[in-house]
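*Asks:* To convert, note that position 425 of the sequence shown is 425 in UniProt numbering; the numbers rise steadily by one, no gaps.
Cβ coordinates follow ideal geometry from the N, Cα and C atoms, glycine included.
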Amino acid sequence: MPSSDYGSMGENNILPLGRSVYPDAVNIEFKGVYSGRKPLCLNMFGEILEKCKCRKCSSPQVPSMDGKFCQDNCADGHEKNDKGGCCPIGMKANQVGNGCECPEGRKSKPGGIGCDDDTSSSRKGNCPDGQVLDPKEGNKPDDPNPKCQIDDEKDCKKPKIPATRTEGYETDISYKPDCGEPKNENERPRCKAKTHYTYTWVDTDGVAHEECQKTKRFQEHKRSRVKELSANFKEKWYKQKPQREQQKKDRADKLSKLKEHRDKLQKEMEERDKLKEQNDKKKARMGKCSTVTALIMGVAQNTAQKRDEDHPYDMTSNFFDEEFFTSDDRLADWPNDVDIDTVACVSDKCVDAEAYMKYWEETAQSHDLKNWPTCGQISGRNLNARCRKRSAFELANNISSLSVTVGLYATMSASELNEIEERNPVVAFQILLEIGLFGTRLGMSLIARTATSVARWAPRLANIAKNTDRLFKLAPKGQGTPKGLEGMKEGFRRIVQNPAFKQCLKDGVP
Numbered sequence: 001m002p003s004s005d006y007g008s009m010g011e012n013n014i015l016p017l018g019r020s021v022y023p024d025a026v027n028i029e030f031k032g033v034y035s036g037r038k039p040l041c042l043n044m045f046g047e048i049l050e051k052c053k054c055r056k057c058s059s060p061q062v063p064s065m066d067g068k069f070c071q072d073n074c075a076d077g078h079e080k081n082d083k084g085g086c087c088p089i090g091m092k093a094n095q096v097g098n099g100c101e102c103p104e105g106r107k108s109k110p111g112g113i114g115c116d117d118d119t120s121s122s123r124k125g126n127c128p129d130g131q132v133l134d135p136k137e138g139n140k141p142d143d144p145n146p147k148c149q150i151d152d153e154k155d156c157k158k159p160k161i162p163a164t165r166t167e168g169y170e171t172d173i174s175y176k177p178d179c180g181e182p183k184n185e186n187e188r189p190r191c192k193a194k195t196h197y198t199y200t201w202v203d204t205d206g207v208a209h210e211e212c213q214k215t216k217r218f219q220e221h222k223r224s225r226v227k228e229l230s231a232n233f234k235e236k237w238y239k240q241k242p243q244r245e246q247q248k249k250d251r252a253d254k255l256s257k258l259k260e261h262r263d264k265l266q267k268e269m270e271e272r273d274k275l276k277e278q279n280d281k282k283k284a285r286m287g288k289c290s291t292v293t294a295l296i297m298g299v300a301q302n303t304a305q306k307r308d309e310d311h312p313y314d315m316t317s318n319f320f321d322e323e324f325f326t327s328d329d330r331l332a333d334w335p336n337d338v339d340i341d342t343v344a345c346v347s348d349k350c351v352d353a354e355a356y357m358k359y360w361e362e363t364a365q366s367h368d369l370k371n372w373p374t375c376g377q378i379s380g381r382n383l384n385a386r387c388r389k390r391s392a393f394e395l396a397n398n399i400s401s402l403s404v405t406v407g408l409y410a411t412m413s414a415s416e417l418n419e420i421e422e423r424n425p426v427v428a429f430q431i432l433l434e435i436g437l438f439g440t441r442l443g444m445s446l447i448a449r450t451a452t453s454v455a456r457w458a459p460r461l462a463n464i465a466k467n468t469d470r471l472f473k474l475a476p477k478g479q480g481t482p483k484g485l486e487g488m489k490e491g492f493r494r495i496v497q498n499p500a501f502k503q504c505l506k507d508g509v510p
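1. If you compare alpha carbons, which of F45, T481, K68 and M65 is closest to S59?
2. Tell me which same chain residues have a C-beta within less than 8 Å of the C-beta of Q497, skipping the five on either side of it?
3. Could you tell me the distance, in whole angstroms, from the CA atom of Q361 to the CA atom of E260?
4. Among M269, H367, N126 and D178, whose alpha-carbon lies nearest the alpha-carbon of A300?
5. For Y203 and C57, what's the separation of their Cα atoms in angstroms?
6. Looking only at its own chain, which residues have a Cβ that is under 7 Å from the Cβ of G298, when we skip the five neighbours before and after it?
7. Just to confirm the assignment, what range does the beta strand (DSSP E) spanning residue 522 have?
8. Could you give the distance in angstroms between the alpha-carbon of N73 and the alpha-carbon of N43?
9. Within 10 angstroms of its Cβ, does residue 591 collect 16 or more other Cβ (buried), or is it exposed?
10. Considering only C-alpha positions, which residue in the set S174, A294, N279 and A193 is nearest to D329?
11. In three-state DSSP terms, what is L474?
12. Going by DSSP, which residues form a beta bridge with C156?
13. So T198 and E187 are in contact, right, with Cβ under 8 Å, and what is the actual spacing, rounded?
14. Run through DSSP, which three-state label would K214 get?
15. What ranges does the beta strand (DSSP E) occupy inside the region 312-347, keeping only unbroken runs of at least 3 residues that lie completely in it?
16. Using the rule of at least 16 other Cβ atoms within 10 Å of the residue's Cβ for burial, across every protein chain shown, is E270 buried or exposed?
17. Quick check on the DSSP output: the alpha helix (DSSP H) that includes Q497 runs from which residue to which?
18. Can you check which of these residues, Q430, C156, A208 and P128, is closest to E277 by C-alpha distance?
19. Would you list the one or two residues that DSSP bridges to H78?
20. Kindly indicate the opening and closing residues of the alpha helix (DSSP H) around P459.
21. Should A231 be labelled buried (16 or more other beta-carbon atoms within 10 Å of its own) or exposed?
22. Candidates A344, E486, M488 and P63: which alpha carbon is nearest L505's?
23. Whole angstroms is fine: what's the gap from P162's alpha carbon to K154's?
24. For T215, count neighbouring Cβ atoms within 10 angstroms of its own Cβ and tell me buried if that reaches 16, exposed if not.
25. In terms of DSSP beta bridges, what is H209 paired with?
26. Hey, out of Q149, A252, L331 and T326, whose CA is closest to E434's CA?
27. Starting from the C-beta of E47, find all residues in its chain whose C-beta is less than 6 Å away, skip the five residues before and the five after it, and write them out in chain order.
28. Considering only the alpha carbon of each residue, which of A208, Q61, S122 and E181 lies closest to D142?
29. Kindly indicate which residue of T166, I173 and C156 has the alpha-carbon position closest to the one of E181.
30. Should F492 be labelled buried (16 or more other beta-carbon atoms within 10 Å of its own) or exposed?
31. Answer with buried or exposed for Q243, where buried requires no fewer than 16 other C-beta atoms within 10 angstroms of its C-beta.
32. If L444 sits next to F320, beta carbons under 8 Å apart, how far is it from one beta carbon to the other, in whole angstroms?
33. Hey, could you find the ends of the beta strand (DSSP E) I48 is sitting in?
34. Can you have a look at I495 and say buried or exposed, based on whether 16 or more other CB atoms are within 10 angstroms of its CB?
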């Protein structure tokens, strides 16, 4: 069992429980601790605490900072002293061995780590007797040819310090600087010895004021450093010039390739747009020319009776649907020797509706006179029995069927335009709009003709014209001829084979 001693007598004072009045007391035991209190080992003398006993580290090892083990080297900023321990650089172990101190004549730096420069050797350097290094210059003690000044400290009694000599009076023995006492010793500035010096001036009250200023050496170093950096930068700049030029060339090549690629894409897009525009023009022109060609073809087959094949007049209105003329299949029927970019444009819609209607009127009138029966007495019969006449009822019926005001058919109605737009995308809408407006114009020209003449020349067309909503119009998708797509193809084949169709594509007039 460990011994217990709750108290001890020292100079007639009782040791309170758990406390030690005199730190130098020995053999004081606390409960649970053998051989008294924990011993204090002298680290600065190379000792460490090991198993509650002090042990000196074997050379060349030194104690660690916490004094618990030995190590090969001192910590950063420390060096081995002559006692076997470690102290901050420039300091030595004190006589007791429990700390470090500066050599005689030198003060420790703030915080107690390190010492100020040796005032005896560092101030004098290689200057002659009676002079010290000029602090304004910032020379080192080992400089062979330093700039010196007269040592004024010997003329100022402690604690007074001399004022800094004025520039140019460093070695003038007739110049006597003022001496002053610092106002507060603890507030004196500690300047960086490598870059600054302590500039001192004394006021009228004899108080010395100190401040840190840059040494000439440091300022020159900064200027030379700038020149050095500038020279290094210039050297590096010229050294890397070929590399920069190569990078510039590579970048220019990449930009050139990028521009070529962009121009290529732009050209392809323009070509696609141009081809699309050309194809749209072809489809619209074929749609308009198919109507006027069928109108001219109908003159040769002017009869009210249907034959085995569709009558050309039937192909002018609601025969082809909208999908038929917006399909790319129609482009195969465009003549190879007709250039859409050079075809004549005789009107704002490029196909002259009025010219074709006038041509149809003249052709129909000529065909009607050619086939009109000669009036005369034959075999003693009455003249009226051989001459063709229209009854009053028939004449009135035909006149009323075509008596539609031009204003009602002047333009396509808004509802009709909306229906076309809803049924077709934007691309096809422009084609159908152009064909629809042309059909409207052609219908206006037909209605403007004398109703009796139209009924006489083309009774089948007059019958179609009764419904102005379908006259010279394309049918909605899937609502064309009852024969369907094959019927539309067959009808369009007959139109394409007619010379009037190619003439219309080239010149836009009969």
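*Replies:* The answer reads as follows:
1. Of F45, T481, K68 and M65, the residue nearest in Cα terms is F45.
2. Same-chain partners within the cutoff: there are none.
3. Checking the displayed sequence, the identity of residue 361 turns out to be Glu instead of Gln. Spanning the two alpha carbons is a distance of roughly 58 Å.
4. H367
5. Just to set this straight, residue 203 is Asp in the shown sequence, not Tyr. Cα to Cα, D203 sits roughly 56 Å from C57.
6. H311, P312, Y313, A458 and L461
7. Here the chain comprises residues numbered 1 to 510, so residue 522 is not present and cannot be evaluated.
8. 14 Å
9. For the chain, the structure presents residues 1 to 510; residue 591 sits outside this window and is missing.
10. The residue with the shortest Cα to Cα distance from D329 is N279.
11. coil
12. DSSP lists no partner for C156.
13. No, T198 and E187 are not in contact; Cβ-Cβ is about 13 Å, not under 8 Å.
14. strand
15. none
16. exposed
17. G484 to Q497
18. Q430
19. P88
20. P459 to I464
21. A231 should be labelled exposed.
22. A344
23. 9 Å
24. buried
25. W201
26. Measuring C-alpha to C-alpha distances from E434 to each of Q149, A252, L331 and T326 identifies T326 as the nearest.
27. C41, C54 and K56
28. S122
29. C156
30. Taking a 10 Å sphere around the C-beta of F492, we find 16 or more other C-beta atoms and assign the residue as buried.
31. exposed
32. Here the sequence assigns Met to residue 444, which means Leu is not the residue at that position. Not really, about 20 Å apart at Cβ, beyond 8 Å.
33. E47 to E50
34. buried
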